[in-house]
Amino acid sequence: GITRHYDFTISRGELAPDGYLKKSGILINGQFPGPLIEANWGDMIEVKVTNNITGPEEGTSLHWHGMLQQGTPWYDGVPSVSQCPIAPEGSFTYRFQAGVYGTSWYHSHYSAQAAGGLFGAIVVYGPSHVSYDVDVGPVLLTDWFHKDYFDIVKNIMSTNQTLWANPSDNTLINGRMPYNCSLVHDGTPCGNASYSQFRFQTGKTYRLRLINGGAAGMEYFSIDGHQLTITSIDLVDIVPYNTTLVTLGVGQRTDVLFTPKANGTQAIWMRTLQSGKYCQRAANPEGRAVILLDNAPDTAIPTTTAWPPPVDDGTCKNEPLQNSVPYYAETLPEPSITYNIVINSIINATGHQLYTMNGYAFQADYNDPLLLLANEKNYTYPYNPEWNVINFGQNSSIRIVIWNNNTGPHPMHIHGHDMYVLYDGNDTWNGTIVNPQNPQRRDTHNLRPHGWMVMQYNADNPGVWPFHCHIAWHLSMGLYVNLMERPDEISQYQIPMIMKQTCDNWQQYSSTNV
Ligand code: C2O
53 GITRHYDFTI SRGELAPDGY LKKSGILING QFPGPLIEAN WGDMIEVKVT
103 NNITGPEEGT SLHWHGMLQQ GTPWYDGVPS VSQCPIAPEG SFTYRFQAGV
153 YGTSWYHSHY SAQAAGGLFG AIVVYGPSHV SYDVDVGPVL LTDWFHKDYF
203 DIVKNIMSTN QTLWANPSDN TLINGRMPYN CSLVHDGTPC GNASYSQFRF
253 QTGKTYRLRL INGGAAGMEY FSIDGHQLTI TSIDLVDIVP YNTTLVTLGV
303 GQRTDVLFTP KANGTQAIWM RTLQSGKYCQ RAANPEGRAV ILLDNAPDTA
353 IPTTTAWPPP VDDGTCKNEP LQNSVPYYAE TLPEPSITYN IVINSIINAT
403 GHQLYTMNGY AFQADYNDPL LLLANEKNYT YPYNPEWNVI NFGQNSSIRI
453 VIWNNNTGPH PMHIHGHDMY VLYDGNDTWN GTIVNPQNPQ RRDTHNLRPH
503 GWMVMQYNAD NPGVWPFHCH IAWHLSMGLY VNLMERPDEI SQYQIPMIMK
553 QTCDNWQQYS STNV
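For the sequence shown, position 378 matches number 430 in mature numbering (1 follows the signal peptide of the UniProt record, and there is no 0), and the numbering has no gaps at all.
1) Taking only three categories from DSSP, how would you classify threonine 281?
2) Can you name, in chain order, every residue of its own chain whose Cβ lies under 7 Å from the Cβ of valine 133, other than the five neighbours on each side?
3) Buried or exposed for tyrosine 127, going by 16 or more other Cβ atoms inside 10 Å?
4) Can you tell which of Asn510, Glu382, Tyr475, Glu537 has the C-alpha that lies nearest to the C-alpha of phenylalanine 444?
5) Inspect the beta-carbon positions of glutamine 405 and glutamine 213 and report whether they are closer than 8 Å.
6) Measuring straight from C-alpha to C-alpha, what distance separates threonine 211 and glutamine 135?
7) Determine the contact status of arginine 64 and glutamate 98, defining contact as a CB-CB distance below 8 Å.
8) I want to know whether the segment 282-300 touches the segment 216-225 - three or more CB-CB distances under 8 Å.
9) Rounded to the nearest angstrom, how far is the Cβ of asparagine 375 from that of tyrosine 293, given a contact under 8 Å?
10) When the Cα atoms are used, what is the spatial distance from isoleucine 282 to arginine 305?
11) Could you check how far apart the C-beta atoms of aspartate 195 and glutamine 326 are, in whole angstroms? I think they sit under 8 Å.
12) Can you name the residues that DSSP bridges to threonine 112?
13) Short check: CB of glycine 339 to CB of isoleucine 225, under 8 Å?
14) Where DSSP assigns a beta bridge to residue 11, which residues make up the other side?
15) At the level of alpha carbons, what is the spacing between leucine 384 and lysine 369?
16) If we require 3 or more residues per run, which beta strand (DSSP E) segments fall completely within the segment 136-214?
17) When DSSP builds the beta bridges, which residues end up paired with glutamine 405?
18) Mind checking who leucine 344 pairs with in its DSSP beta bridge?
19) Return yes when at least one heavy atom of the ligand C2O lies under 7 Å from the C-beta of valine 133, else no.
20) Please report the straight-line C-alpha distance between serine 141 and aspartate 512, rounded to a whole angstrom.
21) For the ligand C2O, I want to know if valine 516 counts as a neighbour, meaning its beta carbon is within less than 7 Å of at least one of the ligand's heavy atoms.
22) Check whether the Cβ of valine 377 sits closer than 7 Å to any heavy atom of the ligand C2O, and report yes or no.
23) Given 7 Å as the limit, tell me if glycine 301 has its C-beta closer than that to any heavy atom belonging to the ligand C2O.
24) What residues match up with aspartate 59 in a beta bridge as DSSP calls it?
25) Nearest to glutamine 121 by alpha carbon, out of Pro461, His467, Gln553, Met505?
26) Identify which residue in Asn510, Tyr231, Val101 has its Cα closest to the Cα of tyrosine 72.
27) For a test of the three-state rule: what should DSSP assign to lysine 75, helix, strand or coil?
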């Protein structure tokens, strides 16, 4: 493989992807969404990230969601775990292998910056188990908030939370969707915005790489009048199956094939509906994009009607596990340990609502990345309980049974691995494993409200790996644990100097900003 170089400069800027002005966002090279990263399977990806965020200054970091960072946990991009934040005016070069192929994305892992626009798509090209004519590339589905992420997080961190479960203002497809300006009552200028457009030919088959890169809302994607064939979930190819509605929790990706039919229409709506706090669909504005067929004029606006929506049972569940079967089977090993996690929400002593995993809400310590502590002081170091470290020692395959004692869903994401998803339901787990011969694998699974989930992963990647809810606000409220894997081998790592330099730079920055 070769090395793919990218140069990202991160800065604050105004943006109005839906026509509503006065929204400040965080951009890469002036773009929203950020630039597409492309590589072939096996290539190295090298990204130099420069932090030019001003007014006010902030730290930053980028995480390469789904990239396994096999043997390079210090490039995982999580401040407080794998590095210190990249200080203002500082830069950091990430270098890792595209060791898996398919559709993914990157995003800031610092505060809720991703909700301010700091994300983009990753496509790693590899062999395909299905055939199609055209790779359309990423189709990013994202909720969009007119309030700045900073204000939302500040509100969430206050004793008077009012915003954390608020519906979003809009839903964007590839960063666009006209806002209904008649809803603006605060005098903010609101003008014309355009739909994303796709030009397709009838009879050809297109591969769409759907990505839920939003902050909070599940996405339900469809194309009027057409079945879609699901071929991959996250970075795992599956035995293809058809559906009219594709469900994506935050952080999840689904590749679909789409073959437009000639039926007298020139244009078709592509749609994505979002769920709200209690999982009801359509609680937020629908995102739409225009599909133009054959020689339709650029100005054609579809008049097609949506599929009748399937029954909304308010559970925010993923597709049933038995529907998605990995195309390349893997044998499930016997777990060497089974660990239970209970997710709760609490009001702490100062009146803040937080989420806990086994009683603790995670609190980031930007000055002490856990990987560095494990490397230098080994695992006997007395971790602060609020760093939520579970040390799995030398265990080779780790099963985790999770119960969600909340009324909201949690898209749970593991770093550094794919996980086998063995069970998903609202009934107490009785040991049943779905497809035990070849269980589903992926890196993010939506845990239902008052639901159970059982996952397992192979400890083949020594490091400290976050396992967390991907809803931006829940992350800020502590719904996060760190899975420590093979600490003896972590202590053998030669961690590159540039990772340690992020800490020197960050400490200098924070000590001059007291
Ligand atoms: Cu895409 Cu820790 O997340």
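Glycine residues also receive a C-beta, built at the ideal position from the N, C-alpha and C atoms.
Just so you know, these numbers come straight off a predicted model, no measurement behind them.
Checking against the coordinates, here is how it stands:
1) The answer is strand: DSSP assigns threonine 281 an E or B state.
2) Closer than 7 Å at Cβ, skipping near neighbours: Pro421, Leu422, Leu423, Val516, Pro518, Asn534.
3) Buried, by the Cβ-count rule.
4) Among Asn510, Glu382, Tyr475, Glu537, the Cα nearest to that of phenylalanine 444 is on Glu537.
5) Yes.
6) Near 30 Å, if we compare the C-alpha coordinates of glutamine 135 and threonine 211.
7) Taking 8 Å as the cut-off, the Cβ atoms of arginine 64 and glutamate 98 do not count as close.
8) A contact between stretches requires three or more CB pairs, one per stretch, nearer than 8 Å, and the segment 282-300 fails this requirement with the segment 216-225.
9) So it is a contact: roughly 6 Å between Cβ atoms.
10) The alpha-carbon atoms of isoleucine 282 and arginine 305 are separated by roughly 11 Å.
11) Cβ-Cβ separation between aspartate 195 and glutamine 326: approximately 6 Å, consistent with a contact (criterion under 8 Å).
12) In DSSP, threonine 112 forms a bridge with Ile138.
13) Yes; because the gap between Cβ atoms is below 8 Å, this pair is in contact.
14) Past the edges of the chain, shown from 53 to 566, lies residue 11, and the structure says nothing about it.
15) Distance between the alpha carbons of leucine 384 and lysine 369 is about 23 Å.
16) List check, beta strand (DSSP E) in window: 143-149, 154-160, 171-177, 186-196.
17) Beta-bridge pairing links glutamine 405 to Ile399.
18) According to DSSP, leucine 344 bridges with Arg251, Ala319.
19) Outside the cutoff, so no.
20) Note that residue 141 is glutamate in the sequence shown, not serine. Taking the Cα positions, glutamate 141 is about 36 Å away from aspartate 512.
21) No, the beta carbon of valine 516 sits no closer than 7 Å to any heavy atom of the ligand C2O.
22) Checking the Cβ of valine 377 against the ligand C2O gives no.
23) Checking every heavy atom of the ligand C2O against the Cβ of glycine 301, none is found closer than 7 Å.
24) Looking at the DSSP output, aspartate 59 bridges to Lys100.
25) Of the candidates Pro461, His467, Gln553, Met505, the one whose C-alpha sits nearest the C-alpha of glutamine 121 is His467.
26) Tyrosine 72 has its Cα closest to that of Tyr231, out of Asn510, Tyr231, Val101.
27) Per DSSP, reduced to three states, the secondary structure at lysine 75 is strand.
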